[in-house]
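Residue numbers (my numbering): 20 to 446.
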């Protein structure tokens, strides 16, 4: 028995919850007529957009995430299509977390539809853990909604518990004990394992690791070398059932927003207004977190192909006016980089702020006092605008050029690593 295997003889310590087809399930929960019907959720009201959530009834018709709405309707004539309501998904997420906490402490929220709970010693035996999982499922059905099904995995580590939850969907309950490894996962493709993205997969292939058994055989130090960081070593121990403490969450590294453009916003002059609106939302979040940005980036994707990206360092700021000026320069540069034929039809636009810091920038000795005072005055103005918009729970005050865009959920995106605060929907 190798040292790493000797560490794997551990009890069940983690209960991992994965809500099935979460966005579509919330739509079925809120609209009972949709239950047991095929449903997809699209990012916007456009036949050209792709499904971002697919109910299991729709999956049975061959629809998958990314399937264009128009194609999905052809595959499934009785399909119900709903536009994403991210603020509602956050509200239901919070209700679900409150219910789960009635049964177990939630130790980590991984995304809007995934969380992990730690089992006590008394709950770590398989029979007790299964009883707790069934108790949580029953509590969710009774107190939140029966349409909000989840798959639960029980294992010694969060990584193994997540893999267990993936094995049986929807509404599954799977126990994965250390003694069942590696046989229980031998057929699992590497692409299905969290933590193995395209870059790591290429490095594993280069190292001769082509399947789960090859991954299982990796010594932790070798995994560290392949990953290029301690993350690989931690991954190897977790895979073998060794329960390590979670690493502390790092500071926010980027604030950004992106938008799939509808037909009326694909021409450059209209897409530019969308880009500016995205930036204004990002700047509001920046001020909300008390941060300053020292770098701005813009990315454009065109139809049917082509794209351009530009970025630049800027004096650290929270001032929306300064950020808009920087964006306008990037916009002109990025548009010029696009092939001439693709400039007429843009598909997506993304804006992001980087080099974030909590400290106010030091005054530049070469900046005239009047310019420094103008920067402070403008930042205070935007802070007051933020406060008004939060007070009235709407974009009560906005630039005239941004009025009438008709862009619901313009800035807030449900990232799989982050659940937005409710206040962000007001930015």
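Where a beta carbon is used, it is the ideal one built from N, C-alpha and C, also for glycine.
Problem set entry | Contact belief for residue 65 with residue 281 at Cβ below 8 angstroms, rounded distance in angstroms | For the purposes of this step, residue 65 is identified with residue 46 of the chain shown, where counting begins at 1. For the purposes of this step, residue 281 is identified with residue 262 of the chain shown, where counting begins at 1. Residue 65 to residue 281, Cβ: 5 angstroms. Contact.
For this session: Grab me the residues of residue 405's own chain with a C-beta within less than 8 angstroms of its C-beta, minus the 5 sequence neighbours each way, in chain order.
Result: Residue mapping note: residue 405 aligns to position 386 of the chain shown, counting from 1. So the list reads 303, 306, 307 and 446, once near-sequence residues are dropped.
Exercise. Exposed or buried, what is residue 83 when buried is set at 16 or more other beta-carbons lying within 10 Å of its beta-carbon?
Worked result: Position 64 of the chain shown holds residue 83. The residue in question, residue 83, is exposed, as its Cβ has fewer than 16 Cβ neighbours within 10 Å.
Exercise. Under the DSSP definition of a beta bridge, which residues are partnered with residue 311?
Worked result: Position 292 of the chain shown holds residue 311. Answer is 376.
Exercise. If you drop the 5 nearest sequence neighbours on each side, which residues of the same chain put their C-beta closer than 6 angstroms to that of residue 166?
Worked result: Against the chain shown, residue 166 aligns to sequence position 147. These residues qualify, in order along the chain: 44, 47, 48 and 54.
Exercise. By how many angstroms is the C-alpha of residue 201 removed from the C-alpha of residue 193?
Worked result: Within the chain shown, the letter at position 174 stands for residue 193. Within the chain shown, the letter at position 182 stands for residue 201. Those two C-alpha atoms are separated by around 15 angstroms.
For this session: Please say whether residue 239 and residue 224 have beta carbons closer to each other than 7 angstroms?
Result: Translated into the one-based positions of the chain shown, residue 224 becomes position 205. Translated into the one-based positions of the chain shown, residue 239 becomes position 220. No; because the gap between Cβ atoms is not below 7 angstroms, this pair is not in contact.
Exercise. How long is the line joining the alpha carbons of residue 127 and residue 373, rounded to whole angstroms?
Worked result: Reading the chain shown from its first residue, position 108 is the one you call residue 127. Reading the chain shown from its first residue, position 354 is the one you call residue 373. Spanning the two alpha carbons is a distance of roughly 26 angstroms.
For this session: Find out if the Cβ-Cβ distance for the pair residue 34, residue 138 is shorter than 7 angstroms.
Result: As a working note, residue 34 is residue 15 in the chain shown. As a working note, residue 138 is residue 119 in the chain shown. Against a cut-off of 7 angstroms, the Cβ pair of residue 138 and residue 34 comes out as a contact.
Problem set entry | Which of helix, strand or coil DSSP assigns to residue 349 | Along the chain shown, read from residue 1 onward, the residue named residue 349 stands at position 330. Reduced to three states, the DSSP call for residue 349 is helix.
Problem set entry | Through-space distance from residue 171 to residue 152, alpha-carbon basis | Reading the chain shown from its first residue, position 133 is the one you call residue 152. Reading the chain shown from its first residue, position 152 is the one you call residue 171. Approximately 7 angstroms between the Cα atoms of the pair.
For this session: Compare the beta carbon distance of residue 69 and residue 87 with 7 angstroms and say whether it is the shorter of the two.
Result: By 1-based counting over the chain shown, the position of residue 69 is 50. By 1-based counting over the chain shown, the position of residue 87 is 68. For residue 69 and residue 87, yes; Cβs fall inside 7 angstroms.
Exercise. If you draw a straight line from the alpha carbon of residue 42 to that of residue 300, how long is it in whole angstroms?
Worked result: Here the question's residue 42 lines up with position 23 in the chain shown. Here the question's residue 300 lines up with position 281 in the chain shown. The straight-line gap from Cα to Cα measures roughly 23 angstroms.
Problem set entry | Beta-carbon proximity check, residue 287 vs residue 349, cutoff 7 angstroms | The sequence position of residue 287 within the chain shown is 268, counting from 1. The sequence position of residue 349 within the chain shown is 330, counting from 1. No. Outside cutoff.
Problem set entry | Same chain only: Cβ atoms within 6 angstroms of residue 397, ignoring 5 sequence neighbours per side | Counting from one through the chain shown, the residue named residue 397 turns up at place 378. Contacts found: 338 and 340.
For this session: With DSSP as the reference, please indicate the residues paired to residue 248 in a beta bridge.
Result: For the purposes of this step, residue 248 is taken as the residue at position 229 of the chain shown. Answer is none; residue 248 lacks a bridge partner.
Exercise. Going by Cα to Cα distance, which pick from 40, 317 and 218 is closest to residue 332?
Worked result: Working through the chain shown from its first residue, we reach residue 332 at position 313. When each option's Cα is compared against that of residue 332, the closest is 317.
For this session: Tell me, please, which residues DSSP counts as bridged to residue 287.
Result: Counting from one through the chain shown, the residue named residue 287 turns up at place 268. DSSP, once it has assigned bridges, lists no residue as partnering residue 287.
Problem set entry | CB-CB length for residue 180 against residue 173, believed under 8 angstroms | Here the question's residue 180 lines up with position 161 in the chain shown. Here the question's residue 173 lines up with position 154 in the chain shown. So it is a contact: roughly 6 angstroms between Cβ atoms.
Problem set entry | Cβ-Cβ distance between residue 98 and residue 89 below 7 angstroms | The sequence position of residue 98 within the chain shown is 79, counting from 1. The sequence position of residue 89 within the chain shown is 70, counting from 1. Against a cut-off of 7 angstroms, the Cβ pair of residue 89 and residue 98 comes out as no contact.
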